[in-house]
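Asker: The structure is given below, and queries will be raised subsequently.
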Amino acid sequence: MPRHLLHEPTWHAAAVAYYLLHTSAEPSVQEEARQWCEKHRLLYDSFIAQVEEAHRAASVALHHAWAPYSRFPVGAALLSSDGALWHGCNVECSSFGLTLCAERVALGHAVTNGRREFVLLALVTDTEAPISPCGACRQLLHDFAPHLLISAEGARRQQRTLWWLEELLPEPFCGKHIWKR
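Throughout the sequence shown, residue numbering follows the numbering used here, covering 12 to 192 in sequence.
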């Protein structure tokens, strides 16, 4: 996890501070993150507003999900590095292998519109506890945003969990493997 970024006033540093405030059990680490937030209040508040906007977009997408077989609707919103939000929902098929995950629908929407760099994925599921992306989505997202912050919400309890993509996919297959043959 890139704690060294707390020395910079950047969007990614705001994401690191947000992550540490919500996940670290170490008081000294939480204090370091709190101090960064105070020093860069406008940037941090802007970051929080973008996270909340992404969750609202993912929640709206959730209600458009087509999940007649599993009854497991998912909404996703990807925040691109230019500040645009790209949303998607899962689209099921009776042949389950053809089902599209919300994350991949959102990514396809963004890529179709020329976006290639992403900083945040908000996921909303109709569950009590937050759910992480499936392995296929993790791998595809890694190709575009290996340092992606994922904020997942279980809508029934409005409970959120944060992960860095590299936590969920510690040993990804990537382009360097293809060219090493």
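Think of the CB as a built atom: it goes at the ideal place given N, C-alpha and C, for glycine as much as any other residue. Since the structure is predicted, the reported quantities are computational estimates derived from the model, not experimental observations.
(1) Going by beta-carbon coordinates alone, are residue 101 and residue 117 separated by less than 7 Å?
(2) Where do the N-terminal and C-terminal ends of the alpha helix (DSSP H) with residue 64 fall, by residue?
(3) Using the C-alpha atoms, what's the distance from residue 44 back to residue 63?
(4) Straight-line CA distance for residue 161 to residue 172?
(5) Taking contact to mean at least 3 C-beta pairs separated by less than 8 Å, is the segment 131-139 in contact with the segment 77-91?
(6) Taking C-alpha atoms, which residue in 120, 149 and 108 lies nearest to residue 95?
(7) Out of 36, 72, 30 and 66, which one is the CA nearest neighbour of residue 47?
(8) Since residue 118 is in the alpha helix (DSSP H), which residue starts that stretch and which ends it?
(9) Can you list, in chain order, the residues of its chain with a C-beta nearer than 8 Å to that of residue 35? Leave out the 5 residues immediately preceding and following it.
(10) Tell me the DSSP bridge mates of residue 108?
(11) Please report the distance separating the alpha-carbon of residue 25 from that of residue 54.
(12) Could you check the C-alpha separation between residue 122 and residue 147 for me, to the nearest Å?
(13) Please classify residue 159: does DSSP put it in a helix, a strand, or coil?
(14) I need the straight-line Cα distance from residue 73 to residue 91, nearest angstrom please.
Answerer: So, to answer that:
(1) no
(2) 52-73
(3) 19 Å
(4) 8 Å
(5) yes
(6) 120
(7) 30
(8) 113-123
(9) 41 and 44
(10) Looking at the DSSP assignment, residue 108 forms no beta bridge with any residue, so it has no partner.
(11) 7 Å
(12) 17 Å
(13) coil
(14) 19 Å
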